[in-house]
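S.K.:
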Amino acid sequence: MTRLAVIDFETTGISPEQGARATEVAIVLLEHGRVVDRFQSLMNAGVRIPSFITQLTGISNAMIAEAPPAAQVMAEASRFVGSLPMVAHNAAFDRKFWVAELALAGLDAPQAYACTVLLSRRLFPHAPSHKLGLLIDHLGLPRAGRAHRALADAEMAASLLARMQDELRRQWQLEASPALLMALQRCSKAAVPGWLRQQQACAPVQTRQAAVLGAV
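The opening residue of the sequence shown carries number 1 in UniProt numbering; numbering runs sequentially from there.
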C-alpha cells in the first residue's frame, strides 16, 4: 500500500481525556510523494473555544457555530481515509483525537500511525528543531499557509513526509512503505544507520532498483 493519509487536528485543548474537543480536521492523501486528494472541515462539538486557542489558531466560536456537527465531519473523514495508514506530526496528539472523536461518533479507528516527529529525529538528527514549521524551513520546503490551521499543517507534514521518503530512496535505496516507516520510528536513534543498512541488504533486488529509479 503506497498511499498514506496525513492528518492534523485543531482542538480546544491538549487532551480529550481532559474534555478537549476537535474544532478542525484536515487530511492530505500522499501517494509516491505527491498529494492526490484533500479533506478539510471545521466542526462543531458543542464546546466553547478558549480565547488563547482562538489567538493561536484564528478559529473563533462564531466560526464553529456555523460549522457542521463533529459527528458528521468525523463520519466523512472516516470514509475519506478508509483503511489507509495514517501519519501526523506529533502523532500521539492527533491519534488521541482521531480515536476519541470517532468513538463519540460511534465509529472505530483501526489505523496504524506513523509520526513525522519521530521519523525526522532519526533521519535528520542534526536539525536545530523538530517543530514542524522550523523543520520545514531547515529543509528548504515551502510553507503551506498559516501555522495552527489544520490544512496548512497537514500539507506541511505531507511535504516533510515526502522529503523523508525521498531521503530513504536516495541514500538507502529503500521504498518507504508504511511498515518500514513504523519500524524506523521505533528504532533507537543511535541504531538507525545500521538498521537501515540491514533493511537495504534484505530488500529484494527489484525493490532497490525501483527505489533508485524513483530517485532519479
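Positions of the beta carbon are idealized from the N, C-alpha and C atoms, including for glycine.
The model shown is predicted, which means the values in this text are computed figures rather than measured ones.
Could you pull out every residue in the same chain whose Cβ sits closer than 7 Å to the Cβ of A100, ignoring the five residues on either side in sequence?
M.R.: As a first step, residue 100 must be located in the sequence shown, where it is residue number 100. Within the same chain, A100 has close Cβ partners P16.
S.K.: Let me know the secondary structure DSSP gives Q185 once reduced to three states.
M.R.: Residue 185 sits at position 185 when you count from the first residue of the sequence shown. Here Q185 sits in helix by DSSP.
S.K.: Would you report the Cα separation of residue 219 and M74, rounded to the nearest angstrom?
M.R.: Examination of residue 219 is not possible in this model, given that the chain is present from 1 through 216 alone.
S.K.: Using 8 Å as the cut-off, can you tell me whether the region 55-65 makes contact with the region 185-195, which would need three or more C-beta pairs spanning the two stretches below that distance?
M.R.: no
S.K.: The beta strand (DSSP E) that contains D37, what's its start and end?
M.R.: Within the sequence shown, numbered from 1, the residue matching residue 37 stands at position 37. Where D37 is concerned, the enclosing beta strand (DSSP E) stretches over 34-42.
S.K.: Along the chain, which unbroken stretches of the beta strand (DSSP E) at least 3 residues long are found entirely within the region 56-138?
M.R.: Counting only runs of 3 or more, we get 86-88, 113-115.
S.K.: Taking the CB atoms as reference points, tell me whether residue 219 and A150 lie closer together than 8 Å.
M.R.: In the structure as shown, the chain begins at 1 and stops at 216. Residue 219 is therefore absent and cannot be evaluated.
S.K.: State the Cα-Cα distance for the pair D8 and Q199, rounded to the nearest angstrom.
M.R.: As a working mapping, residue 8 is identified with position 8 in the sequence shown. As a working mapping, residue 199 is identified with position 199 in the sequence shown. If you take the alpha carbons of D8 and Q199, they lie about 30 Å apart.
S.K.: Would you say the region 74-92 touches the region 51-60, given that touching needs at least three Cβ pairs under 8 Å?
M.R.: no
S.K.: Using 10 angstroms around the beta-carbon of Q201, count the other beta-carbons present and answer buried if the total reaches 16, otherwise exposed.
M.R.: Position 201 of the sequence shown, counted from the first residue, corresponds to residue 201. It is Ala, not Gln, that sits at residue 201 in the sequence shown. It counts as exposed.
S.K.: Could you give the distance in angstroms between the alpha-carbon of R121 and the alpha-carbon of L29?
M.R.: Taking the sequence shown and counting its residues from 1, the one referred to as residue 121 is at position 121. Taking the sequence shown and counting its residues from 1, the one referred to as residue 29 is at position 29. If you draw a straight line from the Cα of R121 to the Cα of L29, it comes to about 23 Å.
S.K.: Go ahead and pull the three-state DSSP assignment for A144.
M.R.: As a working note, residue 144 is residue 144 in the sequence shown. In the structure shown, A144 sits in coil (DSSP, three-state: anything other than H, G, I, E or B).
S.K.: Apart from the five residues on each side of it in sequence, which residues of its chain come closer than 6 Å, Cβ to Cβ, to G145?
M.R.: The residue labelled residue 145 in the question sits at position 145 within the sequence shown. Taken in chain order, the residues that qualify are A152.
S.K.: Tell me which residues share the same chain as A67 and place their Cβ nearer than 6 Å to its Cβ, disregarding the 5 neighbours each side in the sequence.
M.R.: What you label residue 67 is simply residue 67 of the sequence shown in a count that begins at 1. Correct list, in chain order: L42, M43, N44.
S.K.: In chain order, what residues of the same chain have a beta carbon less than 7 Å from the beta carbon of A71, not counting five sequence neighbours either side?
M.R.: Walking along the sequence shown from the start, residue 71 turns up at place 71. Excluding sequence neighbours, A71 sits near L104, A105.
S.K.: Compare the beta carbon distance of I136 and L160 with 8 Å and say whether it is the shorter of the two.
M.R.: By 1-based counting over the sequence shown, the position of residue 136 is 136. By 1-based counting over the sequence shown, the position of residue 160 is 160. For I136 and L160, yes; Cβs fall inside 8 Å.
S.K.: Grouping DSSP H, G and I as helix and E and B as strand, with all else coil, what is I14?
M.R.: Taking the first residue of the sequence shown as position 1, residue 14 is located at position 14. Coil.
S.K.: Going along the chain, which residues of its own chain have a beta-carbon closer than 8 Å to the beta-carbon of A112, five neighbours each way excluded?
M.R.: The count along the sequence shown starts at 1 and reaches residue 112 at position 112. Close CB contacts of A112 within its chain, under the 8 Å cut and outside five residues either way in sequence, are with P85, M86, P178, M182 (chain order).
S.K.: Here's the rule: buried if 16 or more other CB atoms are within 10 angstroms of the residue's CB, otherwise exposed. What is A5?
M.R.: Taking the first residue of the sequence shown as 1, we reach residue 5 at position 5. Buried, by the Cβ-count rule.
S.K.: Could you check if I27 is buried or exposed, using at least 16 other CB atoms within 10 Å of its CB as the buried criterion?
M.R.: Translated into positions along the sequence shown, residue 27 becomes position 27. Its Cβ being crowded by 16 or more others within 10 Å, I27 is buried.
S.K.: What whole-angstrom Cβ distance do T12 and V47 have, given they're in contact under 8 Å?
M.R.: On the sequence shown, position 12 is the one that residue 12 refers to. On the sequence shown, position 47 is the one that residue 47 refers to. Indeed, because the Cβ distance is near 6 Å, the residues count as touching under 8 Å.
S.K.: With 16 as the cutoff for other CB atoms within 10 Å, does Q165 come out buried or exposed?
M.R.: Working through the sequence shown from its first residue, we reach residue 165 at position 165. Sixteen is the threshold: when 16 or more other Cβ atoms of the shown chains lie within 10 Å of the Cβ of Q165, as they do, the residue is buried.
S.K.: Using only CA atoms, which one of A127, T57, K96 lies nearest to Q140?
M.R.: As a working mapping, residue 140 is identified with position 140 in the sequence shown. Sequence check: residue 140 is Gly here, not Gln. Comparing Cα positions, the closest option is A127.
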